[in-house]
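>
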Amino acid sequence: MTPPFVLAVPSKGRLQENADAFFARAGLALAKPRGARDYRGTIAGLDNVEIAYLSASEIAAQLARGAVHLGITGEDLIRESIPDADKRVMLIEGLGFGSANVVVAVPQAWIDVRTMADLDDVATSFRAQHNHRMRVATKYINLTRNFFAAHGVVDYRIVESAGATEGAPASGTAELIVDITTTGATLAANGLKVLDDGVMLRSHANLVASRNADWSPDARETARVMLDHIAASARARKYKEVRTRFAGCNAELLAEAHNRFGVISPFGGPTSSGMVTLHCPPAQLYALGSFLRDRGAETVSVASLDYVLDRDNPLFARLETFLGK
4 MTPPFVLAVP SKGRLQENAD AFFARAGLAL AKPRGARDYR GTIAGLDNVE IAYLSASEIA
64 AQLARGAVHL GITGEDLIRE SIPDADKRVM LIEGLGFGSA NVVVAVPQAW IDVRTMADLD
124 DVATSFRAQH NHRMRVATKY INLTRNFFAA HGVVDYRIVE SAGATEGAPA SGTAELIVDI
184 TTTGATLAAN GLKVLDDGVM LRSHANLVAS RNADWSPDAR ETARVMLDHI AASARARKYK
244 EVRTRFAGCN AELLAEAHNR FGVISPFGGP TSSGMVTLHC PPAQLYALGS FLRDRGAETV
304 SVASLDYVLD RDNPLFARLE TFLGK
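Numbering (my numbering), first residue to last: 4 to 328.
Below you can see the structure in the form of structure tokens.
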């Protein structure tokens, strides 16, 4: 039997809900034929695809090992857990959810510490005063080491955090933290502030490919079909379809519309009767409609697009380049 193409998605919570919605928008509905509690699933119409429901951290680990072909996980987990990540995995597409920042946060009482340079000064004086290095509580050990080294901060030691990292300074187990945050509200509630240049990584959920997976011809074809769906859905969200017909509709008018409103003519210029179909960015719809009516259009219709299938498949082209043809 041909080995299945394995897609790993988060197993619970908002990440799973958002992943399900992302694939559904692309016409790739995920299903659990054996019930909601099952950790394996399928995609309707793609019989050789197996969905593996895993934690976000386990997805990153499985991508590194090549046990899955594609997976949805956070960039923070990719950068933290996979050495030489850019050589071993490829971030194909940001998915627009799961956004959070990995940050350096210090006590608000440190009023003179606003930057990493200030932190370096404090770390040096702290060691001289207390005869030990300043402690940084974090789950992001590799990211912390790389970021601190880039800023020349060396007088610190990492305390690996297994629980609520933001509580470490108040409990006395660390002087500062590196953690992930979305709004900063939890940090503020614990008397912490983010350094002005202390955002280490702006992370969000990504569709990620593993170089080490078994990329057989069948697996590549499956990836091509899936990424074609995803690219077509992404194109459709960028535009609304605008249709009109009037005698004054000509190539010069469409060129002006393109320059002013960013519209494209996916099927070429107007027909002999003046009928034209345009794709227009949503924010420019009313301005385009007014422009067309001012030039003779009696009626301008606007419709939503579900998919825009082009000959080119940029997501798969990037994947092929990464894997090597």
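Cβ coordinates follow ideal geometry from the N, Cα and C atoms, glycine included.
Let's test the definition: count the other Cβ atoms within 10 Å of the Cβ of alanine 171 and tell me whether it reaches 16, buried, or not, exposed.
Taking the sequence shown and counting its residues from 1, one reaches residue 171 at position 168. Counting Cβ neighbours within 10 Å, alanine 171 comes out buried, since at least 16 surround it.
> Just tell me which of Ile95, Gly69 and Ser102 has its CA closest to the CA of glycine 77.
Along the sequence shown, one-based indexing puts residue 77 at 74. Of the listed residues, the one whose Cα sits closest to glycine 77 is Ser102.
> In this structure, how does DSSP classify glutamate 301 when only helix, strand and coil are distinguished?
For the purposes of this step, residue 301 is identified with residue 298 of the sequence shown, where counting begins at 1. Glutamate 301 falls in the coil class under three-state DSSP.
> With a threshold of 8 Å, are at least 3 pairs of Cβ atoms found where one atom belongs to the segment 205-218 and the other to the segment 234-246?
The segment 205-218 vs the segment 234-246: no contact.
> My output table needs one value for valine 311: the three-state DSSP class, helix, strand or coil.
One-based indexing of the sequence shown puts residue 311 at position 308. Coil, per DSSP.
> Sorted by chain position, which residues of the same chain lie with C-beta nearer than 8 Å to glutamate 96's C-beta, five sequence neighbours on each side aside?
In the sequence shown, counting from the first residue as 1, residue 96 sits at position 93. Here the set comprises Asn209, Leu210, Ile233, Ala237 and Leu318.
> Whole-angstrom Cβ separation of proline 7 and glutamate 53, contact assumed at under 8 Å?
To locate residue 7, count along the sequence shown from 1; it is residue 4. To locate residue 53, count along the sequence shown from 1; it is residue 50. About 4 Å; that satisfies the 8 Å criterion.
> Take the Cβ of tyrosine 242 as the centre, count every other Cβ of all protein chains shown within 10 Å, and call the residue buried at 16 or more, exposed below.
On the sequence shown, position 239 is the one that residue 242 refers to. Buried, since its Cβ has 16 or more Cβ neighbours within 10 Å.
> Helix, strand or coil for phenylalanine 100? Go by DSSP, reduced to three states.
Residue numbering aside, residue 100 sits at position 97 when the sequence shown is read from its first letter. Reduced to three states, the DSSP call for phenylalanine 100 is coil.
> Comparing C-alpha positions only, which one of Gly292, Leu326, Trp218 and Glu163 sits nearest to valine 245?
Here residue 245 corresponds to residue number 242 of the sequence shown, with the count starting at 1. The residue with the shortest Cα to Cα distance from valine 245 is Gly292.
> Which runs of the beta strand (DSSP E) spanning at least 3 residues fall entirely within the segment 17-89, listed in chain order?
The segment 17-89 contains these whole beta strand (DSSP E) runs: 43-46, 49-57 and 73-77.
> Which two residues bound the contiguous alpha helix (DSSP H) that contains aspartate 123?
On the sequence shown, position 120 is the one that residue 123 refers to. Segment 119-133, the alpha helix (DSSP H) holding aspartate 123.
> Can you grab the Cα-Cα spacing for the pair threonine 168 / asparagine 193, in whole Å?
Position 165 of the sequence shown, counting from 1, holds the residue named residue 168. Position 190 of the sequence shown, counting from 1, holds the residue named residue 193. Using only the alpha carbons, I get a separation of about 10 Å.
> Figure out for me which residue from His207, Arg17 and Leu73 has the closest Cα to the Cα of arginine 9.
Residue mapping note: residue 9 aligns to position 6 of the sequence shown, counting from 1. Reading off the sequence, residue 9 comes out as valine, not arginine. With distances taken between Cα atoms, valine 9 lies closest to Leu73.
> So the candidates are Pro13, Glu323 and Ala70; which of them puts its Cα closest to the Cα of proline 220?
Counting from 1 along the sequence shown, the entry for residue 220 is found at position 217. With distances taken between Cα atoms, proline 220 lies closest to Glu323.
> Counting only the same chain and skipping the five closest in sequence on each side, list residues whose C-beta sits under 7 Å from that of serine 164.
Mapped onto the sequence shown, residue 164 falls at position 161. For serine 164, where only same-chain residues beyond five positions count, the Cβ hits under 7 Å are Ala140, Thr141, Lys142 and Ala171.
> Assess, as a yes-or-no matter, whether the segment 150-165 is touched by the segment 116-133 under the definition of 3 or more beta carbon pairs within less than 8 Å.
At 8 Å Cβ cutoff, the stretches touch.
> Can you tell me whether histidine 261 is buried or exposed? The criterion is at least 16 other CB atoms within 10 Å of its CB, across all chains shown.
Mapped onto the sequence shown, residue 261 falls at position 258. Exposed is the call here.
> Hey, out of His154, Val107, Ser304 and Glu178, whose CA is closest to arginine 130's CA?
Residue numbering aside, residue 130 sits at position 127 when the sequence shown is read from its first letter. When only C-alpha atoms are compared, the closest one is Glu178.
> Quick check on the DSSP output: the beta strand (DSSP E) that includes alanine 208 runs from which residue to which?
Position 205 of the sequence shown holds residue 208. Note, alanine 208: beta strand (DSSP E), 208-213.
> Check for me: the beta strand (DSSP E) holding histidine 282 runs from which residue to which?
Along the sequence shown, read from residue 1 onward, the residue named residue 282 stands at position 279. Segment 278-283, the beta strand (DSSP E) holding histidine 282.
> For a test of the three-state rule: what should DSSP assign to threonine 225, helix, strand or coil?
Here residue 225 is taken as the residue at index 222 of the sequence shown, counted from 1. Helix at threonine 225.
> Rounded to the nearest angstrom, how far is the Cβ of glutamine 111 from that of lysine 35, given a contact under 8 Å?
Translated into positions along the sequence shown, residue 111 becomes position 108. Translated into positions along the sequence shown, residue 35 becomes position 32. The Cβ separation is near 46 Å, so there is no contact.
> Measure the C-alpha to C-alpha separation of arginine 37 and threonine 45 and round it to an integer number of angstroms.
The count along the sequence shown starts at 1 and reaches residue 37 at position 34. The count along the sequence shown starts at 1 and reaches residue 45 at position 42. Answer to the nearest angstrom: the Cα atoms are 10 Å apart.
> Does aspartate 200 come out as helix, strand or coil in the three-state DSSP assignment?
Counting from one through the sequence shown, the residue named residue 200 turns up at place 197. DSSP places aspartate 200 in strand when its eight states are reduced to three.
> Leucine 204 and leucine 288: beta carbons closer than 8 Å?
Reading the sequence shown from its first residue, position 201 is the one you call residue 204. Reading the sequence shown from its first residue, position 285 is the one you call residue 288. In this structure, leucine 288 does not lie closer than 8 Å to leucine 204 by Cβ.
> The alpha helix (DSSP H) with phenylalanine 325 in it runs from where to where?
One-based indexing of the sequence shown puts residue 325 at position 322. 317-326 is the span of the alpha helix (DSSP H), which, as asked, contains phenylalanine 325.
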